[in-house]
Every structure is written in C-alpha cells, then in structure tokens.
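Sequence positions in the sequence shown follow our numbering and run 16 to 396. Every residue, glycine too, gets a C-beta built ideally from N, C-alpha and C. A quick note: this is a predicted structure, and the numbers were derived from the prediction, not measured. Some notes on the structure that comes next.
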Amino acid sequence: MTDTALIVVAAGSGTRLGRGMPKAFALVAGAPILEHALRGLAAVDARLVVVVPAGLEADASAIAERAGVAARVVVGGETRADSVAAGLDAAGDARWVLVHDAARALTPPAQVERVIAALREGASAVVPVLPVVDTVRSVEAARQSDGDVLGPIVDRAALRAMQTPQGFDAQLLRRAYAAADARGASTDDAQLVQALGEPVAAVRGDELAFKITTPADADRAESLLGPAIRVGVGADVHAFGGDGPLRLAGLEWEGQGLEGHSDGDAVCHAIVDALLGAAGLGDIGGLVGVDDPQHAGAHGEVFVRAAVARLAEHGWRPMNVAVQVLGVRPRIGTRRDEAQRALSAMVGAPVSVSGTTTDGLGALGRGEGVQAIATALIRRA
C-alpha cells in the first residue's frame with residue numbers, strides 16, 4: 016500500500032462563486048469542480064481522502080466513482096483547518112500527507128508528482144509556487160472615502176504565489192495542527208509548519224493550478240476544460256544559408272542548410288507551435304527559448320518530443336498532424352513516406368506531409384527559403 020495520502024479539501028461554502036451551493040459541487044464544463052479535480056488525480060499513487068460538507072457524502076462518493084478514483088469521503092468542519100484535521104484523521108498511518116484544494120481543479124498531475132518527489136528526496140514540507148508577475152503595493156492601515164491608501168511598491172522578485180497540493184511529513188503536520196490549537200488556526204498549512212521553526216521547500220507550480228474562487232475564475236476554467244478535442248495551427252519559415260546540412264521534416268537532404276539557432280527544420284518547428292497552440296500552452300520560444308545555448312544546432316526532433324511531453328503534463332495527447340511545405344526545394348514527394356514515418360514516431364500519432372510551390376512568387380518562389388504550415392488535432396489523455 017502506498018505511504019502517501021492526498022487530502023482533497025472540498026468543504027468550502029463557495030460564497031464568492033455565487034452558485035448557491037458548496038463550491039466543489041458547482042458545475043463547470045458540465046461536471047462538478049470536484050470531479051474535474053479528482054480526474055486529474057486518478058494517476059497519482061496516493062490514498063485519496065475527500066473532505067466535504069455534512070450531507071454531501073453520498074454525492075461526493077458518486078463523483079469519485081465517475082472520476083474513476085477510489086476515495087474515502089469524510090465530513091469537514093466549520094473552518095478549513097477543521098476540514099484538514101478531519102482529513103488527517105482519515106489519512107491513517109501514511110508517512111506523507113498532501114493537502115490539496117478541490118478548487119484548483121485543473122492542477123496538472125505533474126505538479127502533484129513534483130511535490131511527492133521532493134518529499135521522497137528528503138524535504139519535510141513542500142509547497143508549489145509561481146513567481147509574482149504583477150506590480151504589487153502594500154496598503155496602509157488607514158482608509159479614505161475613495162478607497163485604500165497605497166503604500167510603497169513591494170519587490171516582487173522576492174515574492175511567490177502559493178498553490179497546492181502542499182506536502183508534508185505526516186507527523187510534522189499533525190504536530191503543527193496540535194500546536195495551532197493553542198495559537199489559533201491558520202488558513203495555510205505551510206504557515207503552521209513554519210511556526211514550529213521547520214523549513215518549507217518550494218517546487219515549481221503551474222499556471223493551470225489556479226483556484227476557482229470567483230465567477231471569472233469559473234469562466235476561465237470553463238474555457239480551458241471545454242471541448243475534449245482541440246485544433247492548433249503553427250507556421251514557421253527559414254531562409255537558406257545555414258552552415259550545416261539541410262534538415263527538414265526530421266530528415267537530412269542534399270543542398271545548403273537552413274538558417275536558424277537550431278537546425279532550422281521549419282516542419283518540426285511548425286508542428287511544435289501547432290501542438291502547443293492547440294493546448295493553449297504558448298509556442299516554441301516559450302518551450303525551449305529561442306537563443307538557449309544548449310539548443311544550438313539541435314535537431315527539430317528535440318523540440319517536437321519536448322512539445323509532446325509538455326502536452327502530456329497537462330493531460331493532452333496528439334491525435335494527428337498535417338503539414339504543408341511551401342518552397343522550391345527539397346521536393347517533399349520524393350521522400351514523403353520516409354518523412355511521415357519519422358514525424359509520426361516523434362509525435363506518437365499519424366503525421367501527413369504534402370508539398371507545394373508558390374508558382375515562382377515571392378522569396379519562396381525564388382528558392383530563398385522554406386515555409387511550413389502545420390495543423391494539429393489533440394485530445395484529452
């Protein structure tokens with residue numbers, strides 16, 4: 016049996032969401048928020064404990080069954096601290112305990128695994144965090160009729176936004192809660208641990224692990240959870256003039272190479288942008304960095320496989336990709352089958368490749384470079 020318990024706190028009232036019911040049971044994209052959260056935890060090796068308001072135990076059990084997970088459902092308390100304490104009681108003899116907000120329903124499984132890995136590597140308390148990107152000001156205690164009085168700007172370089180799941184040595188968290196009874200409970204588990212003088216380690220968080228609190232948050236989650244199938248389009252163009260061999264569609268061809276920081280494989284690069292765009296995960300520059308020294312001269316396959324791995328982290332997998340290559344050379348048709356086999360192996364799904372010219376028009380028609388346009392179809396894993 017696993018030595019890790021994962022407590023999913025789903026006992027909040029959800030007043031700010033304004034749905035007239037406990038937040039975890041409000042529908043987003045056709046399913047309760049709790050169901051989305053549990054689906055994302057299905058592959059995690061941990062005992063699941065779900066903490067819910069009194070009277071909703073049967074509903075939570077049915078939700079867990081639909082999500083395909085085995086979970087122990089327990090009743091929470093009046094405060095979050097009370098609910099976490101109830102979850103701790105149900106966690107039994109687990110060595111490690113993770114505490115997760117059901118409202119962070121889109122949290123990628125990879126984030127949960129990072130927290131577990133840090134615990135197994137020696138940390139006794141772990142929190143996923145994100146850098147703060149907005150300019151932040153403090154607020155003076157005094158108030159005026161027109162609102163808060165702003166204080167100085169806070170250096171955001173020293174700030175991090177905290178997410179869940181937060182992971183702990185189970186005995187340490189129990190000690191922290193026992194001590195909190197004498198001090199007054201906190202809304203943050205890591206803060207209780209720090210109050211004991213214990214260090215808290217940080218791991219990388221994820222933008223998708225945002226907390227559904229307001230109607231705007233629910234709208235954002237709805238748009239991300241929306242269709243189970245998505246389409247993305249990517250395009251890339253490179254001029255001839257590179258020092259290395261000509262690489263395109265994962266193959267090496269005769270003739271002068273393409274310019275670029277990497278190997279200039281416009282087909283692979285277009286596929287990367289199509290895959291990432293379909294999942295709403297940015298583009299190749301955000302994935303690997305356009306000037307990263309470690310990718311100087313790197314083959315396009317490196318980037319395609321990195322994009323497929325990024326999709327998997329966020330619960331997506333490719334269904335198929337189609338690529339149109341525009342240019343005078345190389346003649347794609349002479350090695351179409353070979354190119355399609357190479358690209359399909361990278362993507363892990365069928366890839367079709369076709370080629371065309373521009374009837375002599377423009378830079379591509381003059382043979383100065385190659386352009387590729389890719390369309391990717393992806394689905395939830």
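Query, Result
"Relative to the C-alpha of residue 327, which residue among 41, 101 and 123 is closest?", "123"
"How big is the Cα-Cα spacing for residue 216 and residue 187?", "14 Å"
"Is DSSP giving residue 148 helix, strand or coil here?", "coil"
"Count the other CB atoms, across all protein chains shown, that sit within 10 Å of the CB of residue 251; report buried if there are 16 or more and exposed otherwise.", "buried"
"Output the boundary residues of the alpha helix (DSSP H) element that contains residue 207.", "204-210"
"Can we say the region 56-73 touches the region 81-97, given the rule of at least three CB pairs closer than 8 Å?", "yes"
"Between the Cα of residue 276 and the Cα atoms of 325, 286, 313 and 338, which residue gives the shortest distance?", "313"
"Relative to the C-alpha of residue 101, which candidate in 193, 318, 82 and 170 has its C-alpha closest?", "193"
"Measure from the alpha carbon of residue 391 to the alpha carbon of each residue in 377, 290, 369 and 342, then state which is nearest.", "290"
"Could you work out which residue in 232, 371, 362 and 363 is closest to residue 44 when comparing CA atoms only?", "232"
"Closest by CA to residue 147, which one among 178, 27, 28 and 106?", "178"
"Confirm, please, whether the CB-CB distance from residue 323 to residue 333 is below 8 Å.", "yes"
"Between the C-alpha atoms of residue 255 and residue 282, what's the straight-line distance to the nearest angstrom?", "14 Å"
"Any idea what DSSP makes of residue 98, helix, strand or coil?", "helix"
"Under a Cβ-count criterion, where at least 16 other Cβ atoms within 10 Å of its own Cβ denotes burial, should residue 204 be classed as buried or exposed?", "buried"
"Give me, in chain order, the residues of the same chain whose beta-carbon lies closer than 7 Å to that of residue 109; leave out the 5 immediate sequence neighbours on both sides.", "18, 19, 20, 62 and 185"
"In terms of residues, what are the limits of the alpha helix (DSSP H) holding residue 51?", "48-54"
"According to the neighbour-count rule (16 or more other Cβ atoms, all chains shown, within 10 Å of its Cβ), is residue 348 buried or exposed?", "exposed"
"Judging by CA-CA distance, which residue of 35, 41, 395 and 26 is the nearest neighbour of residue 243?", "395"
"Residue range of the beta strand (DSSP E) that residue 259 falls in?", "244-263"
"Quick check on residue 50: buried or exposed, where buried means 16 or more other Cβ atoms within 10 Å of its Cβ?", "buried"
"Let me make sure I understand the geometry here. Which of 363, 80, 361 and 385 has the alpha-carbon closest to that of residue 371?", "385"
"Work out the CA separation of residue 121 and residue 360 for me, nearest whole Å.", "29 Å"
"Just how far apart, CA to CA, sit residue 75 and residue 28?", "15 Å"
"Which of the three DSSP states, helix, strand or coil, is assigned to residue 274?", "coil"
"Let me know the secondary structure DSSP gives residue 284 once reduced to three states.", "helix"
"Note down the Cα distance separating residue 295 from residue 196, rounded to an integer number of angstroms.", "44 Å"
"Considering residue 361, what are the terminal residues of the beta strand (DSSP E) in which it resides?", "Per DSSP, residue 361 belongs to no beta strand (DSSP E); it is in the alpha helix (DSSP H), 351-362."
"Quick one: grab the DSSP three-state call for residue 302.", "helix"
"Cβ atoms of residue 130 and residue 23: under 8 Å apart, would you say?", "no"
"Please classify residue 27: does DSSP put it in a helix, a strand, or coil?", "coil"
"If we count the other Cβ atoms within 10 Å of its Cβ and call it buried at 16 or more, is residue 311 buried or exposed?", "exposed"
"Identify the continuous beta strand (DSSP E) that holds residue 336 and give its terminal residues.", "331-341"
"The alpha helix (DSSP H) with residue 399 in it runs from where to where?", "Since the first and last residues shown for the chain are 16 and 396, residue 399 lies out of range."
"Name the one or two DSSP bridge partners that residue 388 has.", "250 and 339"
"When DSSP labels each residue in this structure, what does residue 267 get in the three-state scheme?", "strand"
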